[in-house]
């Protein structure tokens, strides 16, 4: 009957339901695994290094997922087209498809699989030449580079087309099942408005139809309807479970993202503190070196200043000593001149008062004074010399005259002594 055919069709549609992940998992064995090597950045290397497998599709190209999680986060390799701009088009490493957090980037738009090298790590950094992606074939062999370079271009395209076709068929089946469920819901609401329960209406309809059909057809239709309802219930249950799991995954990812951001913030603050401490230490060391250099220069200037001051003090002291010695010499010379002058005056005075008895000794003393005192009399030398010559000449004349007078007196006295006394009395 028509109703049985419809029930058989519903049964076939319900039994053929499959999730997109199940469709991709059925073909995972046909996709090669990717072996990601380490990179120059130690932090990112711990996250991205490992084995990746195909998990789903995004923008017409496969999404690879790492077998193990890194710091509680999924690690994905996915392609993003140019819908947000050419600068964002390419292959990315990140925990979520299309998320803000990423670790590496490759600008290739033509590659069907992740390129094997020339990745920017981190995503806004330079190309890391040490980083590579090895494509491990299904049979166990491996090759480095892109799928096109290994000669698997057609196979990769066929697998992508097959995955797209399966995904489209699944989406069509889900839409058809959802439409039929909506029709059944509307029909049940219509029956409730009429005052009949859906089960009673189904029983009455089944009884009416069973009167004109065989018992085995009615039983088969009932079983088909029951199977369809069971499959719909399972589908709803799976959908609810998937939504719940998806919500839990999103909540977990949010918590992990918040924890990661908190850890990153703590690490960033720690790094900033360490960097600030290092900068302060460097500035203190530089300031200490500058202070030491300034102190050294100040000491050198002070030493130079002290040496110059000491040299100037020595020169001044030498000048003072020289001036003092000069004054002392002048004073000594002046005193010596005074002594010589006084000595000459004394000699001249005694010579002027000389008598014949002491003239010879005074003459010797005069000669010695003229020899020893006159040369040191200074500016009065010529005057004293002239006066000495005059005194000597006058004294010699006086002594000579005195000698003559005494000789005459002696002669007179001798003559008187020889005269008779009578003659003397007369």
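In our numbering, the protein residues as written are 139 to 564.
Cβ atoms here follow ideal geometry from the backbone N, Cα and C, with glycine treated the same way.
- Buried/exposed call for residue 555, threshold 16 Cβ in 10 Å: Exposed, because fewer than 16 other Cβ atoms sit within 10 Å of the Cβ of residue 555.
- In whole angstroms, what is the alpha-carbon distance linking residue 181 and residue 219? Looking at the two C-alpha atoms, the distance is approximately 28 Å.
- Query: Rounded to a whole number of angstroms, what is the C-alpha to C-alpha distance between residue 199 and residue 229?
  - Reply: Approximately 10 Å between the Cα atoms of the pair.
- Which residue's Cα is closest to the Cα of residue 248: 270, 452, 527, 217? Taking only the C-alpha atoms, the option nearest residue 248 is 217.
- Message: Suppose you measure from the CA of residue 481 to the CA of residue 498; what does that come to, to the nearest Å?
- Response: Rounded to the nearest whole angstrom, the C-alpha separation of residue 481 and residue 498 is 18 Å.
- Query: Comparing the CB of residue 273 with every heavy atom of the ligand FMN, is any distance shorter than 7 Å?
  - Reply: Among the ligands in the structure shown, none appear at all, so the ligand FMN cannot be discussed.
- Message: Check for me: the alpha helix (DSSP H) holding residue 185 runs from which residue to which?
- Response: Residues 180 to 186.
- Message: Taking the straight line between their C-alpha atoms, what separation do you get for residue 421 and residue 445?
- Response: If I take the Cα positions, the gap works out to 35 Å.
- Message: Spatial neighbours of residue 166 within its chain, please: C-beta separation below 7 Å, excluding the five flanking residues on both sides.
- Response: Caution applies to residue 166, whose pLDDT of 45 falls short of 50 and renders its modelled position unreliable; the value that the coordinates give is listed next. Non-local C-beta neighbours of residue 166 in its own chain, meaning closer than 7 Å and more than five positions away in sequence, comprise 191, 192, ordered along the chain.
- residue 577, buried or exposed, once every other Cβ within 10 Å from all chains shown has been counted against 16: No information on residue 577 is available, as it lies outside the stretch 139 to 564 that the chain covers here.
- DSSP state of residue 225, grouped into three classes? In this structure, residue 225 counts as helix in the three-state DSSP scheme.
- Task: Report the rounded CA-to-CA distance for residue 428 versus residue 411, giving the unit in angstroms.
- Result: Taking the straight line joining both Cα atoms gives about 25 Å.
- Looking at the unbroken beta strand (DSSP E) that takes in residue 172, where does it start and where does it end? Unbroken beta strand (DSSP E) run through residue 172: 171 to 174.
- Item | CA-to-CA distance, residue 231 to residue 214, given in whole angstroms | Here the alpha carbons of residue 231 and residue 214 stand approximately 6 Å from one another.
- Item | residue 202, enclosing beta strand (DSSP E) - first and last residue | Residue 202 -> beta strand (DSSP E) spans 199 to 204.
- Task: Provide the residue(s) that pair with residue 399 in DSSP beta bridges, ordered along the chain.
- Result: Beta bridge pairing from DSSP links residue 399 with no other residue.
- Taking the alpha-carbon positions, what's the residue 401 to residue 203 distance? It is roughly 24 Å from the alpha-carbon of residue 401 to the alpha-carbon of residue 203.
- Message: Which residue wins for smallest C-alpha separation from residue 503, given the options 243, 517, 488, 516?
- Response: That would be 488, whose Cα lies nearest to the Cα of residue 503.
- Message: Check whether the stretch 538 to 550 and the stretch 508 to 526 are in contact - that is, three or more C-beta pairs closer than 8 Å.
- Response: Contact between the stretch 538 to 550 and the stretch 508 to 526 is absent: fewer than 3 CB-CB pairs across the two stretches fall below 8 Å.
- How is residue 499 classed by DSSP in three states: helix, strand or coil? In the structure shown, residue 499 sits in a helix (DSSP, three-state: H, G or I).
- Whose C-beta lies closer than 6 Å to the C-beta of residue 173 among residues of the same chain, with five residues either side of it excluded? Residues of the same chain with a CB within less than 6 Å of the CB of residue 173, apart from the 5 flanking positions on each side, are 189, 272, 274 in chain order.
- Beta-carbon separation of residue 516 and residue 484 under 8 Å? No, they are not a contact pair.
- Item | Where the alpha helix (DSSP H) through residue 216 begins and ends | Premise fails: residue 216 lies in the beta strand (DSSP E), 214 to 218, not in any alpha helix (DSSP H).
- Taking just the CA atoms, how far does residue 324 sit from residue 210? Near 45 Å, if we compare the C-alpha coordinates of residue 324 and residue 210.
- Query: Which whole-angstrom value is the C-beta distance of residue 261 and residue 234, which I expect to be below 8 Å?
  - Reply: Contact between residue 261 and residue 234 is ruled out by a C-beta separation of about 14 Å, above the 8 Å threshold.
- Collapsed DSSP secondary structure at residue 193 in the structure displayed: Residue 193: strand per DSSP, three-state reduction.
- Item | DSSP state of residue 261 mapped onto helix, strand, coil | Residue state, collapsed to three classes: coil.
- For residue 533, is the classification buried or exposed, using 16 other Cβ atoms within 10 angstroms of its Cβ as the cut-off for buried? Buried is the call here.
- Item | Inter-residue Cα distance where the pair is residue 431 and residue 438 | Cα-Cα distance, rounded: 10 Å.
- Go ahead and label residue 500 buried or exposed: buried means 16 or more other beta carbons lie within 10 angstroms of its beta carbon, across all protein chains shown. Burial call: buried.
- Message: Cutting at 8 Å between CB atoms, please list the residues of its own chain near residue 207, excluding the five before and the five after it.
- Response: Correct list, in chain order: 213.
- Distance between beta carbons of residue 179 and residue 259, contact taken as under 8 Å: The distance from the Cβ of residue 259 to that of residue 179 is about 6 Å, consistent with a contact at the 8 Å cut-off.
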